[in-house]
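Protein sequence lines, in the order shown, are assigned to chains A and B.
Sequential numbering of the first sequence, starting at 1, is according to this note's numbering.
Sequential numbering of the second sequence, starting at 221, is according to this note's numbering.
Positions of the beta carbon are idealized from the N, C-alpha and C atoms, including for glycine.
First up is the structure itself, then whatever we jot down about it.
Protein chains: 2
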Amino acid sequence: MKYSASKEDHLKAIFHLQSEQGVVTTNALAEALQTRPASVTDMLKKLKEQKLLLYERYKGFRLNNEGKKVALQIIRKHRLWEYFLVKKLQFGWDEVHEMAEELEHISSKKLVERLDAFLGFPETDPHGDPIPDSQGRFTSPRQLSLAQLPLNKVAEVSGISRQTTEMLELLQHKKIGLGTKLEVRRKFPFDNSLEIKIRNYPPVTISSLVAKNVLVKDEE
Amino acid sequence: MKYSASKEDHLKAIFHLQSEQGVVTTNALAEALQTRPASVTDMLKKLKEQKLLLYERYKGFRLNNEGKKVALQIIRKHRLWEYFLVKKLQFGWDEVHEMAEELEHISSKKLVERLDAFLGFPETDPHGDPIPDSQGRFTSPRQLSLAQLPLNKVAEVSGISRQTTEMLELLQHKKIGLGTKLEVRRKFPFDNSLEIKIRNYPPVTISSLVAKNVLVKDEE
DNA sequence: ATTTAATTTTAGACAAATCTAAAATTTAAA
DNA sequence: TTTAAATTTTAGATTTGTCTAAAATTAAAT
Numbered sequence: 001m002k003y004s005a006s007k008e009d010h011l012k013a014i015f016h017l018q019s020e021q022g023v024v025t026t027n028a029l030a031e032a033l034q035t036r037p038a039s040v041t042d043m044l045k046k047l048k049e050q051k052l053l054l055y056e057r058y059k060g061f062r063l064n065n066e067g068k069k070v071a072l073q074i075i076r077k078h079r080l081w082e083y084f085l086v087k088k089l090q091f092g093w094d095e096v097h098e099m100a101e102e103l104e105h106i107s108s109k110k111l112v113e114r115l116d117a118f119l120g121f122p123e124t125d126p127h128g129d130p131i132p133d134s135q136g137r138f139t140s141p142r143q144l145s146l147a148q149l150p151l152n153k154v155a156e157v158s159g160i161s162r163q164t165t166e167m168l169e170l171l172q173h174k175k176i177g178l179g180t181k182l183e184v185r186r187k188f189p190f191d192n193s194l195e196i197k198i199r200n201y202p203p204v205t206i207s208s209l210v211a212k213n214v215l216v217k218d219e220e
Numbered sequence: 221m222k223y224s225a226s227k228e229d230h231l232k233a234i235f236h237l238q239s240e241q242g243v244v245t246t247n248a249l250a251e252a253l254q255t256r257p258a259s260v261t262d263m264l265k266k267l268k269e270q271k272l273l274l275y276e277r278y279k280g281f282r283l284n285n286e287g288k289k290v291a292l293q294i295i296r297k298h299r300l301w302e303y304f305l306v307k308k309l310q311f312g313w314d315e316v317h318e319m320a321e322e323l324e325h326i327s328s329k330k331l332v333e334r335l336d337a338f339l340g341f342p343e344t345d346p347h348g349d350p351i352p353d354s355q356g357r358f359t360s361p362r363q364l365s366l367a368q369l370p371l372n373k374v375a376e377v378s379g380i381s382r383q384t385t386e387m388l389e390l391l392q393h394k395k396i397g398l399g400t401k402l403e404v405r406r407k408f409p410f411d412n413s414l415e416i417k418i419r420n421y422p423p424v425t426i427s428s429l430v431a432k433n434v435l436v437k438d439e440e
């Protein structure tokens, strides 16, 4: 099956919101896609029609297995192209998103597989996000945000999702960077701030906002 | 400016027909694009509107400078991607066209330039067609097959690609050899055979198969 | 438990690209 | 040169994806 770029964009955005927020709303999806809620509703009906989505009016929606499968293939392509742009064409990690948004809609299955091989079957993209394999499985250990990490479990920083100068500056000050090994010592429910322990340093506190944007991966 | 994939397809097809056949007709364009003459007319009006085409109803049409510039950029992208697919992803030269048809619409100017550099600034694509530079100029001296030579343009035979005894025998009989100066007088769409004129000789006809294997270069 | 507010959906419209069938125009032929 | 044939264009419809404004539904607040 082949779907329009717009349908693919919707599936991908639903997938992301679904795994980040757990639940997806019409408004959130419209916001993510820079479109209007009414347009989203229109598209939801079409996706349901094509059996990619479970949807009942006013009751919410979520991807079914087929929808997830399609979304994962788009994500796979997006991340492989990002990897290509950064590692082969020498782009910075912060300038490749837009281009990958276009390239992810190139349809040839065979092209994706050859590209994957050409790149040496990378497991994560330049931002540290895992690249699904051709069956949509994450071969790589999966990434979660610091906010989601269980207490007292050692993990390694593998990515930063929102890369603003201000945040990077803050992280640098707290000695947190790619590859840093750390664990969460306490969670304060009042403001969802966390106390973090990095080996050989005294504990530091970070806000919920920062925690959400620091991605880590479990030790095997 | 950014144009739709369909507009780009039309511009490119017009460019090719224009340089191969000298003149382009609505029907020929519809045929080349696998669409209907009525649809072509619709698009011609839009392209004229956007000042990419000189067009007057029933009187014919041709690209203006801006239109040619856009077409050449699409062709540039197409051929660079073909080169990439063959040289880097190990595809055969005969399986890359479809993929390049999609890739040629990726818009980032910067991506094209980086890709060009990554590939080592190739001068021709895997089929031997020249790759226009970023200003739309053909940097490479061009060798093309007799089948690609525009009508009534004098050229000199510069090579024979498939050298079988049978073909050389045939060419000798028609008085065609290295260095022969000739021009194409007519093209018969029915079987793609050509009528060739060599100075001081009466016209001769050669088949499409032969034409494809005789390489010529333009007089400067 | 009503009322108010927020969310979501519908109804109806629009732009882009395409189509079919019919009309206009040009070209070729008798 | 008048008729016939081929080409090209128009008129009107269709599909896809989008929009605005208004209505329907659900959630929140007093």
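* Report yes or no: is there a C-beta of chain A within less than 8 Å of the C-beta of B/K329? => no
* Would A/Q73 count as contacting chain B if we go by Cβ distances under 8 Å? -> No, because no Cβ of chain B sits closer than 8 Å to the Cβ of A/Q73.
* Asked: Which residues, in order along the region 335 to 360 of chain B, keep a beta-carbon less than 9 Å from a beta-carbon of chain A?
  -> L335, A337, F338
* To do: Using the Cα positions of B/L390 and B/G242, report the straight-line distance between them to the nearest angstrom.
  => 29 Å
* Excluding the 5 residues preceding and the 5 following A/M167 in the sequence, name in chain order all residues of the same chain whose CB lies nearer than 8 Å to its CB. => I160, V210, N213
* Is there a Cβ from chain B that is less than 8 Å from the Cβ of A/E104? -> Put simply, the CB of A/E104 is far from chain B, with every gap to its CB atoms at 8 Å or more.
* Write down every uninterrupted run of the alpha helix (DSSP H) in the region 323 to 393 of chain B whose length is 4 residues or greater and which is fully enclosed by it, in chain order. => Whole alpha helix (DSSP H) segments, 4+ residues: 329 to 338, 385 to 393.
* Of the residues B/G399, B/E415, B/T400, B/L398, which one's Cα is nearest the Cα of B/R406? -> B/E415
* Asked: Do the region 79 to 92 of chain A and the region 40 to 60 of chain A meet, that is, are 3 or more Cβ pairs less than 8 Å apart?
  -> no
* Please check if any C-beta of chain B sits within less than 8 Å of the C-beta of A/K88. => yes
* Using DSSP bridges, identify the partner residues of B/D438. => B/A375
* **Under 9 Å by beta carbon: chain A residues contacting B/M319** => I106, S107, S108, K110, L111
* What residue range is occupied by the uninterrupted beta strand (DSSP E) comprising B/E315? -> For B/E315, there is no enclosing beta strand (DSSP E), as DSSP marks it with neither H nor E.
* Asked: Closest Cβ-Cβ distance between B/F410 and chain A: below 8 Å?
  -> no
* To do: Measure from the C-beta of A/F15 to each C-beta in chain B and report whether the shortest distance is under 8 Å.
  => With respect to chain B, the C-beta atom of A/F15 has no partner C-beta closer than 8 Å.
* Pick from A/K175, A/H127, A/E95, A/Q90: whose alpha carbon is nearest that of A/K217? -> A/H127
* Residue environment, A/G177, which counts as buried when at least 16 other CB atoms sit within 10 Å -> exposed
* So, do the region 290 to 301 of chain B and the region 340 to 356 of chain B have three or more beta carbon pairs nearer to each other than 8 Å? -> Result yes; three or more Cβ-Cβ pairs closer than 8 Å.
* To do: Taking C-beta pairs closer than 9 Å, name the residues in chain B that A/F91 reaches, listed in chain order.
  => K330, L331, R334
* **Helix, strand or coil at A/V24 [DSSP, three-state]** => coil
* To do: Go through its chain and collect everything with a Cβ distance to A/H18's Cβ below 8 Å, but skip five positions before and after it.
  => Residue 18 of chain A is actually Gln in this sequence, not His. Result list for A/Q18: V24, R62, L63, in chain order.
* Give the secondary structure of A/F15 by DSSP, where H, G and I count as helix, E and B as strand, and everything else as coil. => helix
* **the region 95 to 113 of chain A contacting the region 312 to 332 of chain B, beta-carbon criterion three pairs below 8 Å** => yes
* Asked: B/L398 by DSSP, collapsed to three states: which one?
  -> coil
* **From B/L364, B/L331, B/Q270, residue whose alpha carbon lies closest to that of B/Y223** => B/Q270
* **Check whether A/Q148 and A/P130 have beta carbons under 8 Å apart** => no
* Give the range of the alpha helix (DSSP H) segment to which A/K197 is assigned. => From DSSP, A/K197 is part of no alpha helix (DSSP H) but of the beta strand (DSSP E) over 193 to 198.
* To do: Report the option in B/K232, B/F235, B/E228, B/E240 whose CA atom is closest to the CA atom of B/L371.
  => B/E240
* Asked: For A/L52, which three-state DSSP category applies?
  -> coil
* Asked: Closest by CA to A/K175, which one among A/D191, A/M99, A/V154, A/T205?
  -> A/T205
* Asked: Looking only at C-alpha atoms, which of B/S327, B/F338, B/L309, B/K330 sits nearest to A/V112?
  -> The shortest Cα separation from A/V112 among B/S327, B/F338, B/L309, B/K330 belongs to B/L309.
* Asked: B/R282 lies in the beta strand (DSSP E); which residues open and close that run?
  -> 280 to 283
* Could you tell me which of B/A258, B/N247, B/E286 sits nearest to B/E228, measuring between CA atoms? => B/E286
* Asked: Identify the residues that DSSP records as bridge partners of B/V424: which are they?
  -> B/I416
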